[in-house]
Amino acid sequence: MESARYVSRPALAGARPTCENSAMRSRAPNPGASRVTTTAPEGLPVHLTALPFAVCLLGLVFAPTFELRDLLQRVAVAYGAVLLAAFGAVHWGLALAGRIAWTAPRLAGAFMPAVFGAAAAVLGGQRGLAVLVAGFGLFWLYEHRIVGAELPADYLRLRRHSSAAVCALLALVTIASDSAGLA
Numbered sequence: 000m001e002s003a004r005y006v007s008r009p010a011l012a013g014a015r016p017t018c019e020n021s022a023m024r025s026r027a028p029n030p031g032a033s034r035v036t037t038t039a040p041e042g043l044p045v046h047l048t049a050l051p052f053a054v055c056l057l058g059l060v061f062a063p064t065f066e067l068r069d070l071l072q073r074v075a076v077a078y079g080a081v082l083l084a085a086f087g088a089v090h091w092g093l094a095l096a097g098r099i100a101w102t103a104p105r106l107a108g109a110f111m112p113a114v115f116g117a118a119a120a121v122l123g124g125q126r127g128l129a130v131l132v133a134g135f136g137l138f139w140l141y142e143h144r145i146v147g148a149e150l151p152a153d154y155l156r157l158r159r160h161s162s163a164a165v166c167a168l169l170a171l172v173t174i175a176s177d178s179a180g181l182a
């Protein structure tokens, strides 16, 4: 494994040095134009992010007690809130690394998933699940419409698939919650 070297950015006078390795040096100036490819094993963890929602859905349908169904609904809301905030945190990291510009829309786009996640956690139940569906959908729109040109195509493809799966499963969890008599 190659060791990293530290460089300072000339555009940021007085800024601390950043860590840069050969993979970062070889990238095209526009990360959206980079030739980063994602194979199935690399994309698998992204696709597995929806698995806890599928488990909660199955549990809501087949759980023998109301208390267990209530717990599974709360798990779906809590996990969704954390996952949505983590998706926003990726953009904080991209901005801190200089991969996307720090502008007001990008700052809001990186921060709003955590706000949606917190609101969903506070509301809980079907309302919280609905807030999560809206949050994941709006974040997908933000990534594809506002910063899409700055992001690698493979990343956008993975996020499109994971967002679609998460939104669909959260909607099904909401329907199953209603059928189970949960608020």
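Counted the way numbering that gives the first Met the number 0 counts, the sequence shown spans residues 0 to 182. Even for Gly, the Cβ is constructed at its ideal location relative to N, Cα and C.
Assuming residue 112 and residue 140 form a contact by the criterion Cβ under 8 Å, report the distance between their Cβ atoms to the nearest whole angstrom.
Going by Cβ atoms, the distance from residue 112 to residue 140 rounds to 12 Å, so no, they are not a contact pair.
Check whether the region 151-168 and the region 100-109 touch, using three or more Cβ-Cβ pairs below 8 Å as the test.
no
Nearest to residue 73 by CA position, among 86, 58, 87, 160, is which residue?
Ranking the options by Cα distance to residue 73, first place goes to 58.
Given this structure, state the Cα-to-Cα distance separating residue 125 from residue 180, to the nearest angstrom.
For residue 125 and residue 180, the distance between alpha carbons rounds to 11 Å.
Measure how close the beta-carbons of residue 81 and residue 157 come, nearest whole angstrom, since I'm counting them as under 8 Å.
19 Å between Cβ atoms; not a contact.
Using a 10 Å radius around the Cβ and a threshold of 16 neighbouring Cβ atoms, would you call residue 96 buried or exposed?
exposed
Starting from the C-beta of residue 49, find all residues in its chain whose C-beta is less than 6 Å away, skip the five residues before and the five after it, and write them out in chain order.
164, 165, 168
With the cut-off set at 8 Å, would you say residue 128 and residue 173 are in Cβ contact?
yes
With a threshold of 8 Å on Cβ separation, who are the neighbours of residue 175 within its own chain once the five nearest residues in sequence on each side are excluded?
Close CB contacts of residue 175 within its chain, under the 8 Å cut and outside five residues either way in sequence, are with 56, 59, 60 (chain order).
Do you know how far the Cα of residue 145 is from the Cα of residue 182?
35 Å
Given a cut-off of 8 Å on the beta-carbon distance, is the pair residue 116 and residue 136 in contact?
Their beta carbons are not under 8 Å apart, which means residue 116 does not touch residue 136 by this criterion.
If we ignore side chains and look at the alpha-carbon of each, how far apart do residue 66 and residue 119 end up?
Going by the C-alpha atoms only, they are around 20 Å apart.
Would you mind reading off the limits of the alpha helix (DSSP H) that contains residue 143?
Here residue 143 belongs to no alpha helix (DSSP H), and DSSP marks it neither H nor E.
Among the candidates 177, 132, 147, 123, whose CA atom is the shortest distance from the CA of residue 90?
147
Excluding the five sequence neighbours on either side, which residues of its own chain have a C-beta within less than 7 Å of the C-beta of residue 142, listed in chain order?
150, 155, 158
What three-state label does DSSP hand residue 101 in the structure shown?
coil
How about residue 87 and residue 109: do their beta carbons lie closer than 8 Å?
Residue 109 sits close to residue 87, with the two beta carbons spaced by under 8 Å.
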